[in-house]
Structures are given as C-alpha cells and as structure tokens.
Amino acid sequence: MVEFGQFLEILIGGLLSGVLYSLVALGFVLIFKASGVFNFAQGAMVLLAGLALVRSLDFLVARGIPMPVAILMGLMFAGLVMALTAWLIERFVLGPLVNQDGLTLFMSTIGATFILEGAAQMIFGSDVYPLPLFPTDAWFLFESAFPGGILVNKLDVWGGLIAAILVAGLALFFQRTKTGRALRAVADDHAAAQSVGIPISWIWFVVWLVAGLVALVAATVWGTKLGVQFSITFLALKALPVLIIGGFTSVPGAIVGGLIVGAGEKLAEAYLGPQIGGGIEYWFAYVLALAVLLVRPQGLFGERIIERI
Amino acid sequence: MSSEPAGKPEAASPILSVKNIEVIYDHVILVLKGVSLDVPRGGIVALLGANGAGKSTTLKAISNLIRGERGEVTKGRVELKGERVDGMTPNDLVRRGCVQVMEGRHCFGHLTVEENLLTGAFTRRDGRKAIADELEKVYAYFPRLKERRGSQAGYISGGEQQMVAIGRALMSRPDLMLLDEPSMGLAPQLVAEIFEIVRRLNSEQNLSVLVAEQNTNMALKYATYGYILESGRVVMDGDCKALRENEDVKEFYLGVGGSDRKSFREVKSYKRRKRWLA
C-alpha cells in the first residue's frame with residue numbers, strides 16, 4: 143500500500159508538472175499551425191511576458207495599490223506588451239518574409255529571440271524576480287488510505303486548472319469564431335485564404351497575439367514556480383519533446399504530450415533512476431521523443447497530410 | 024441588365040479593364056509583355072492559350088495574388104468599375120467585388136465543406152442572417168455540396184472541390200469572378216456541369232466572369248468574347264463565334280482544322296495589337 147501511494151504521488155505530481163510544459167508547448171503549436179513557422183522565440187516571449195508582469199506589479203504595489211487591482215492592471219499591461227510584440231514581429235520580421243521558405247522564417251525567429259531577450263532584460267531588468275501569484279504549499283490527500291497521504295503541490299493544481307480553461311477557450315475560439323475559422327484556413331492554404339479575401343497580415347498578428355497571451359499565462363505559473371528569470375527561456379527546450387510526442391499541429395497533442403513527458407520523466411526517475419544512476423529526468427523526455435519520431439513521425443495527434451491520388 | 028446580351032468589350036463602362044500590364048517575377052522574369060483586355064458588365068470572357076502563355080499570371084495580376092509569388096505589375100493599370108485597383112491587396116479587391124477562384128481548386132483540406140464556404144464570407148459585414156441566406160443560395164446551385172456539408176474538404180472528389188472553390192468565392196457576393204482553369208483534371212461531363220452552373224450564375228446573378236481555360240472548345244462555347252494569349256501577349260481577340268470560325272484557332276486550339284494544311288510556314292503569324300496606342 144505504501145508503494146502504491148508513492149506511485150500515485152509521483153504520477154499525479156508528474157502529470158501536473160507536465161501540464162506546465164504543455165502551457166509552453168501550446169504557444170508553439172498555435173504559431174506552427176497557422177503559419178508553418180517553428181517559433182524559436184516562444185521561450186523569450188514567456189520571459190518578456192513574465193518580466194512585464196512582475197515589474198509592473200512591483201511598481202504598482204510600491205505605489206500602494208491593493209494587490210488584486212495591481213494584479214489585474216499588471217496582467218493588462220503585460221497583455222499590451224505582448225500585443226505590441228506581436229505587431230512588431232508581424233510588421234518587421236514576418237511581413238517582409240512572406241512566402242519565404244520555412245527554414246528562413248525559423249532563422250528569423252532565432253533573430254527575434256535575441257532581440258526579445260535583450261530588450262526584455264534591458265527594459266525590465268535582469269534579476270530573479272519572485273512572483274507570488276499562486277500558493278506554493280502542498281496538500282496532503284487521502285491520508286486515511288495511505289500512510290502520510292499523497293502530497294500534491296497546490297501550484298501544480300492551479301497550473302492544471304488554468305491550462306484546462308485556456309485549452310477550452312482556444313478550442314472555442316478556433317472552432318466557433320469567424321477569426322478562428324480564418325486562422326485554420328490560413329494554416330491549410332495561405333494563397334487560397336488570400337484569394338477569398340482573408341488578410342494574411344491581420345491573421346498573423348492575431349496568431350502571434352494569442353501565442354503571446356499563452357506565453358503570459360505560462361509566465362504566471364512558471365514565474366511563481368521558479369521566479370521570473372532568464373532561465374525561463376530554456377523552457378522552450380523542454381517544450382520540444384512535448385511537441386514531437388504530441389504533434390506540432392495539435393492543441394490536444396500539446397496537452398497529452400505534456401502529460402506523457404511530465405509523468406514519464408518523474409516515473410522514470412523514481413523507478414529506473416536507481417538502476418541506471420539517476421538524473422534521468424533531464425534527458426528522458428528527449429529519448430521518448432526520439433522513440434516517437436521513429437514510430438510515428440507526425441506525433442500522436444499530428445495531422446497527416448491529406449493527399450488525394 | 025442581365026437580359027441584355029453581353030456585347031463587345033468596347034461597349035460602355037466595362038466592369039474590368041486591364042490596360043497594357045507588364046508582369047515581372049523575381050525582378051527578372053518577364054512574364055506578361057503588355058496584356059490588355061476588358062470584361063463587360065454581365066459578360067463571360069474567355070482567356071485562352073497554351074501552357075505558360077500567361078493566363079494564370081494575368082488573373083493573379085488582376086487579383087493581386089501575384090505579390091505572394093514574388094511577382095510584380097511593373098507597367099500598365101487595372102481598373103475595376105472605373106477605379107484603379109493595381110497595388111491593392113487581395114482583401115481590398117474582394118471587398119470591391121472581385122474574387123478569384125484559383126487554379127487547382129485550393130480547398131482548405133482540414134475544414135469541412137461548410138466551413139470552407141463560410142471562409143468565403145470573411146470580408147462581409149452584413150450579419151449572420153445574410154451570410155446564412157447566401158449559404159443556402161450556394162447550396163441551391165450546388166446541391167451536392169449540401170449533402171457533403173460535414174465532410175472534410177480534403178477527402179471529397181475533384182469535381183466537388185471545384186464546386187467548393189466556386190461556392191466559396193460566391194460567398195463574398197462578387198460582381199466579377201476570375202475563374203482559373205475550372206476544367207483542370209475533371210471528367211468532361213463534370214466540366215460541362217460546372218460551366219453550365221457558371222452560365223446560370225452569369226444570367227441569374229448578373230455575375231461577370233473572366234475565365235482562363237486550356238479547354239478552348241468548352242470556353243468558346245460558354246463565353247461571349249475571347250482573348251488568345253501567346254507567350255505573354257494577346258495575339259488575337261474577338262467574339263467567341265468569330266474565334267470558333269477562325270481557321271487558325273480551329274487548327275491550333277480546337278484541333279479540328281482542315282486537312283489541307285501541311286506546313287507551319289503557311290501559318291499566318293499574329294502581331295500584338297497595340298491597343299494602348301489606339
């Protein structure tokens with residue numbers, strides 16, 4: 143019974159921390175789906191959003207504005223910063239490169255990464271800023287069933303809740319709204335979308351804006367967990383295996399991929415770790431991604447390319 | 024207006040007037056070398072010619088989709104309803120009532136048939152009710168699409184995809200449709216069906232059509248006026264009836280020429296008509 147309790151605790155902890163990876167992966171999926179661009183700058187966008195939020199929060203709180211109001215205003219300010227970023231990227235990076243090769247666009251997002259990272263730290267500072275948005279203590283569940291109960295981190299639960307709301311919102315946006323439908327149309331065929339009068343530049347702005355807002359949501363959770371700091375940009379690297387496993391074009395894929403990576407690495411660490419020397423957590427996801435690539439290159443939920451013969 | 028027979032393009036105020044446009048791709052490749060043509064209001068005009076003659080480029084130059092392929096209109100002008108439109112975005116043109124149906128159909132494969140049609144209404148601002156009515160109208164012209172409204176467009180047949188592409192364009196309530204090679208890869212019976220629907224749209228909705236076709240026979244049957252393009256130039260134009268009777272058109276485009284001609288040396292060569300001097 144103790145062992146089962148421990149297993150459950152690791153599994154739940156893993157799944158919940160996996161959701162946090164999903165939050166970052168979602169931003170990638172949105173942009174990749176709509177424009178076929180692998181957005182290397184997603185990690186930098188999380189950093190930028192986090193810094194904008196935490197610094198404006200500090201500023202407002204220091205002026206004596208009550209916390210809830212300050213949080214609301216801070217979120218709005220960070221949202222505006224992300225909108226401005228989306229507009230600048232569309233205007234000066236992607237707009238001029240329209241219809242270029244995917245690799246060219248990818249390289250341009252690497253350039254954008256450096257500019258965003260530099261600008262964000264220049265404007266908002268480069269220290270580690272604590273962001274106390276969510277509780278970080280733990281619950282102990284099922285104490286009657288298992289000795290000591292199951293430890294669940296409250297922050298992870300918050301992260302899961304927020305991710306669920308976010309995904310539901312995105313699904314509604316994509317399936318039910320006119321702009322969402324236009325986004326999917328652009329993802330399928332740029333030229334045809336243009337031919338029926340969908341303005342590509344507007345659509346790309348919307349996509350980057352949505353990805354920016356997803357980055358902001360990821361920043362609230364990860365910022366609470368780690369503090370807002372430069373190393374947040376490396377989350378992008380953790381999102382990569384999530385994307386490969388889930389599929390680059392699928393929102394549900396990003397979630398399931400995150401869950402698999404989160405649970406997989408924690409379980410591997412606990413059960414395989416002692417046998418082969420520990421530290422598995424850091425590379426297990428990449429091995430998993432490699433295995434998926436060999437068996438199912440489009441990922442678990444990735445779209446097969448429809449081809450008529 | 025719709026009952027009026029579509030006369031020669033010289034008749035008063037054409038809906039579309041292309042004047043001596045030159046198109047260059049990638050700053051170096053000269054594709055159109057001064058093309059001029061007119062589409063009269065309520066007319067069906069055919070743009071004929073072999074592969075690579077510049078038919079698609081002409082249409083894309085009008086709708087300005089050409090810029091997405093790194094092409095550029097470097098000379099001449101395009102007028103839609105008397106207003107100069109070269110340099111506008113495709114979005115502007117759709118708002119002004121000129122929509123292109125691209126060659127090769129280009130349906131949104133992962134969207135359903137109905138969603139494909141609804142994307143065509145993106146530029147409209149007249150409310151859900153009007154768009155729903157439009158959708159029913161499109162289904163009335165293409166009953167087969169109504170049966171397949173929930174299917175993913177990537178999995179329907181080629182003919183149905185062509186119908187989706189035309190129906191999608193109709194959703195924007197165009198006055199002028201640029202129809203690029205609607206017969207491509209379709210069975211002859213389907214081609215006739217689609218041209219028949221285009222003719223009905225033309226007479227019932229007063230839709231003006233500029234259609235680029237390799238299927239000269241079919242296009243000359245349905246259009247009222249025709250232009251023949253050869254390597255980026257208009258080499259001949261005239262009423263479709265006259266074109267059908269023309270010996271050289273018969274020989275080279277309809278494949279029904281007299282058997283007496285044996286040598287290409289006897290073929291009359293057509294000079295570009297210098298319309299911009301006229």
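Sequences listed follow chains A and B, in order.
According to my numbering, the stretch in the first sequence is residues 143 to 451, in order.
According to my numbering, the stretch in the second sequence is residues 24 to 301, in order.
Even for Gly, the Cβ is constructed at its ideal location relative to N, Cα and C.
query: At what residues does the alpha helix (DSSP H) containing B/A163 begin and finish?
result: In the second sequence, counting from the first residue as 1, residue 163 of chain B sits at position 140. Note, B/A163: alpha helix (DSSP H), 150-164.
message: Per DSSP, what are the beta-bridge partners of A/P381 in this structure?
response: Position 239 of the first sequence, counting from 1, holds the residue named residue 381 of chain A. It should be noted that the sequence gives Ala, not Pro, for residue 381 of chain A. Within the DSSP secondary-structure output, A/A381 pairs in no beta bridge.
Under 8 Å (Cβ pairs) to chain B, residues found in the region 307-340 of chain A: K320, R323, A324, R326, A327, A329, D330, D331, H332, A333, A334, A335, Q336, S337, V338, G339, I340
B/G77 and B/L199 closer than 8 Å at C-beta: Taking the second sequence and counting its residues from 1, the one referred to as residue 77 of chain B is at position 54. Taking the second sequence and counting its residues from 1, the one referred to as residue 199 of chain B is at position 176. It is not a contact, given that the beta carbons lie outside the stated cut-off.
message: Give the list of continuous beta strand (DSSP E) stretches no shorter than 3 residues that lie fully inside the region 191-259 of chain B.
response: Within the region 191-259 of chain B, the complete beta strand (DSSP E) runs of at least 3 residues are 199-203, 231-236, 248-253.
query: Listing by chain order, which chain A residues have their CB less than 9 Å from the CB of B/F165?
result: Along the second sequence, one-based indexing puts residue 165 of chain B at 142. None at all; the shortest Cβ gap to chain A is about 16 Å.
field: 8 Å Cβ cutoff met for B/G57 and B/R191
entry: The count along the second sequence starts at 1 and reaches residue 57 of chain B at position 34. The count along the second sequence starts at 1 and reaches residue 191 of chain B at position 168. No, the Cβ-Cβ distance between B/G57 and B/R191 is not below 8 Å.
Outcome for A/D330 when other beta-carbon atoms lying within 10 angstroms are tallied against a minimum of 16: Translated into positions along the first sequence, residue 330 of chain A becomes position 188. Buried: at least 16 other Cβ atoms inside 10 Å.
message: Quick check on B/I47: does DSSP put it in helix, strand or coil?
response: Looking up residue 47 of chain B in the second sequence gives position 24. Looking at B/I47 - three-state DSSP - the assignment turns out to be strand.
query: In or out: B/E268 buried (at least 16 other Cβ within 10 Å) or exposed?
result: Position 245 of the second sequence, counting from 1, holds the residue named residue 268 of chain B. With fewer than 16 Cβ atoms within 10 Å of its Cβ, B/E268 is classed as exposed.
task: With 8 Å as the threshold, decide whether the Cβ of A/E98 is near any Cβ in chain B.
output: Shown here, chain A extends from 143 to 451; a query on residue 98 of chain A therefore has no answer.
message: List, in chain order, every chain A residue whose beta-carbon is nearer than 8 Å to that of B/S231.
response: Position 208 of the second sequence, counted from the first residue, corresponds to residue 231 of chain B. Those do not exist, as B/S231 stays about 17 Å from chain A at its closest Cβ, beyond 8 Å.
- request: List the residues of chain A whose Cβ lies closer than 7 Å to the Cβ of B/E138, in chain order.
  value: Counting from 1 along the second sequence, the entry for residue 138 of chain B is found at position 115. The answer, in chain order, is R323.
Given A/L247 as reference, the closest of A/E259, A/A262, A/I231, A/T362 once Cα atoms are compared: If you number the first sequence from 1, residue 247 of chain A lands on position 105. For the residues A/E259, A/A262, A/I231, A/T362, the minimum Cα distance to A/L247 belongs to A/I231.
- request: Return the CA-CA distance between B/E92 and B/V46, expressed in angstroms with no decimal places.
  value: Counted from its first residue, the second sequence places residue 92 of chain B at position 69. Counted from its first residue, the second sequence places residue 46 of chain B at position 23. Using only the alpha carbons, I get a separation of about 12 Å.
message: Using a Cβ-Cβ cutoff of less than 7 Å, which residues in the same chain neighbour A/W229 once the five nearest sequence positions on both sides are dropped?
response: In the first sequence, residue 229 of chain A corresponds to position 87, counting from 1. Cβ within range, chain order: F347.
query: Terminal residues of the continuous alpha helix (DSSP H) containing B/I67?
result: To locate residue 67 of chain B, count along the second sequence from 1; it is residue 44. Per DSSP, B/I67 belongs to no alpha helix (DSSP H); it is in the beta strand (DSSP E), 67-71.
query: Along the region 108-122 of chain B, what residues have a CB closer than 9 Å to any CB found in chain A?
result: Those residues of the region 108-122 of chain B that come within reach of chain A (Cβ to Cβ, closer than 9 Å) are T112, P113, N114, D115, L116, V117, R118, V122.
query: Do the CB positions of A/L195 and A/L162 come within less than 8 Å of each other?
result: Translated into the one-based positions of the first sequence, residue 195 of chain A becomes position 53. Translated into the one-based positions of the first sequence, residue 162 of chain A becomes position 20. Not a contact, by the Cβ cut-off of 8 Å.
task: State the start and end residues of the unbroken beta strand (DSSP E) segment that holds A/A280.
output: In the first sequence, the residue the question calls residue 280 of chain A occupies position 138. That run of the beta strand (DSSP E) goes 280-283.
message: Starting from A/N295, trace the beta strand (DSSP E) in both directions and tell me its first and last residue.
response: Within the first sequence, the letter at position 153 stands for residue 295 of chain A. Looking at the DSSP string, the run of the beta strand (DSSP E) that includes A/N295 is 292-295.
query: In chain B, which residues lie less than 9 Å from A/V434 when you measure between Cβ atoms?
result: Here residue 434 of chain A refers to the residue found at position 292 of the first sequence. Chain-order list of chain B residues neighbouring A/V434: empty, with the shortest C-beta distance near 22 Å, by a criterion of under 9 Å.
- request: Taking only the alpha-carbon atoms, compute the straight-line gap between A/H332 and B/D203 and give it to the nearest angstrom.
  value: Here the question's residue 332 of chain A lines up with position 190 in the first sequence. Here the question's residue 203 of chain B lines up with position 180 in the second sequence. CA-CA distance, A/H332 to B/D203, rounds to 17 Å.
query: Hey, out of A/W281, A/S268, A/I397, whose CA is closest to A/T375's CA?
result: For the purposes of this step, residue 375 of chain A is taken as the residue at position 233 of the first sequence. It is A/S268 whose Cα lies nearest to the Cα of A/T375.
query: What does B/T146 touch in chain A if you count any residue whose Cβ is under 7 Å from its own?
result: Residue 146 of chain B sits at position 123 when you count from the first residue of the second sequence. Against chain A, the beta carbon of B/T146 has neighbours under 7 Å at G339, listed in chain order.
- prompt: How is the alpha helix (DSSP H) around B/L140 delimited, first residue to last?
  reply: The residue given as residue 140 of chain B occupies position 117 in the second sequence. Unbroken alpha helix (DSSP H) run through B/L140: 136-142.
field: Start and end residues, beta strand (DSSP E) containing B/I52
entry: Start at 1 with the first residue of the second sequence, and residue 52 of chain B comes out as number 29. Per DSSP, B/I52 belongs to the beta strand (DSSP E) from 52-62.
task: Identify whether B/Q123 lies in helix, strand or coil by the three-state DSSP scheme.
output: The residue given as residue 123 of chain B occupies position 100 in the second sequence. Three-state DSSP puts B/Q123 in a strand.
- request: Check whether the Cβ of B/R191 lies closer than 8 Å to any Cβ atom in chain A.
  value: The count along the second sequence starts at 1 and reaches residue 191 of chain B at position 168. Output row for B/R191: interface = yes.
message: Is it buried or exposed, B/N238, if we count other Cβ atoms within 10 angstroms and call 16 or more buried?
response: For the purposes of this step, residue 238 of chain B is taken as the residue at position 215 of the second sequence. By the neighbour-count rule (16 or more Cβ atoms within 10 Å), B/N238 is buried.
message: I need the DSSP call for B/Q175, collapsed to helix, strand or coil.
response: Along the second sequence, one-based indexing puts residue 175 of chain B at 152. Strand at B/Q175.
- request: State the Cα-Cα distance for the pair A/V294 and A/P277, rounded to the nearest angstrom.
  value: Position 152 of the first sequence, counted from the first residue, corresponds to residue 294 of chain A. Position 135 of the first sequence, counted from the first residue, corresponds to residue 277 of chain A. Approximately 12 Å between the Cα atoms of the pair.
- prompt: For A/V179 and chain B, any beta-carbon pair shorter than 8 Å?
  reply: The residue you call residue 179 of chain A lines up with position 37 of the first sequence. So no, A/V179 is outside the interface.
Assigned secondary structure, B/R107 (DSSP; H/G/I helix, E/B strand, else coil): On the second sequence, position 84 is the one that residue 107 of chain B refers to. Correct three-state label for B/R107: strand.
query: Among the residues of its own chain, which have a CB less than 6 Å from the CB of A/A431, if the five just before and after it don't count?
result: Taking the first sequence and counting its residues from 1, one reaches residue 431 of chain A at position 289. P383, I386, I387.
message: Using only the alpha-carbon positions, how far apart do A/I252 and A/M224 sit?
response: The residue you call residue 252 of chain A lines up with position 110 of the first sequence. The residue you call residue 224 of chain A lines up with position 82 of the first sequence. For A/I252 and A/M224, the distance between alpha carbons rounds to 18 Å.
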